[in-house]
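Working notes for the structure below.
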Amino acid sequence: MLNIAVLVSGSGSNLQAIIDSVEKGEINGKIVTVVSNKPGVYALERAKIHNIPSCVIESKGNLHFTSQLLKHLKENNVDLIVLAGFLCILKEEILNQYKNKIINVHPSLIPSFCGDGFYGLKVHEAALNYGVKVTGATVHFVNEVTDGGKIILQKAVEIKDGDTPQILQKRVMEQAEWIILPKAIKMICDNEIKED
Ligand code: GRF
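Per our numbering, the sequence shown starts with residue 1, numbered consecutively.
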């Protein structure tokens with residue numbers, strides 16, 4: 001059974017999808033901690049409702065963010081780190097110590113609309129501006145290249161006439177992110193993924 005840390009920065013709907021899947025017994029793992037780099041976000045509330053330990057390690061203006069996060073992960077014997085809407089780039093020190101043990105969900109079909117600066121609604125705005133007819137989501141391992149690690153799962157989502165970035169974001173979450181993120185975690189916990 002893997003000890004999972006979920007890192008968040010916002011509403012935590014992806015965290016919710018993971019919690020639901022764990023509670024249904026689909027994932028052979030336990031969420032041992034939810035860490036937010038921002039205080040007051042709704043994701044922390046979701047953890048509380050489900051009796052999952054959580055904490056805030058502020059990233060803004062905090063020179064000790066990396067060492068504090070590392071200490072917290074070690075103290076909780078974390079085996080797998082899941083970035084679920086975590087809007088902070090992890091430093092090499094963490095990446096090196098958790099090689100192939102960190103995954104992220106990105107709301108596009110990588111390698112489209114990804115990399116530095118592509119986060120949140122910006123990703124969907126870029127897809128609509130380009131005029132692609134299909135987008136989706138990707139779960140991938142995290143390495144030193146933003147959105148550049150090995151792809152684990154992808155799922156396509158149709159773009160419809162009249163879509164706004166907000167409408168598209170919601171569809172991508174419902175039809176892709178909330179499905180492939182728990183699925184990828186399940187696959188890792190079941191040892192079904194070959195590492196690099
Ligand atoms: C998701 O679209 C995720 O892919 C992106 O940020 C959003 C987070 O949403 N990186 P939530 O906090 O999980 O609701």
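Note that CB positions come from ideal geometry on N, CA and C, so glycine has one too.
Check: At least three beta-carbon pairs within less than 8 angstroms, the region 12-28 to the region 63-75; Outcome: no
Check: Distance cut-off 7 angstroms: G120 Cβ against heavy atoms of ligand 3; Outcome: In terms of ligand content, the structure shown lacks ligand 3 and carries ligand 1 instead.
Check: Three-way DSSP call (helix, strand, coil) for N104 in this model; Outcome: strand
Check: Helix, strand or coil at T146 [DSSP, three-state]; Outcome: coil
Check: Per DSSP, cross-strand counterpart(s) of T33; Outcome: A5
Check: Pair within 8 angstroms by beta-carbon distance, L83 and I57; Outcome: no
Check: Inter-residue spacing [alpha-carbon to alpha-carbon] between V134 and K122; Outcome: 16 angstroms
Check: Spatial neighbours of K183 in its chain, beta-carbon cut-off 7 angstroms, leaving aside the 5 residues before and after; Outcome: L153
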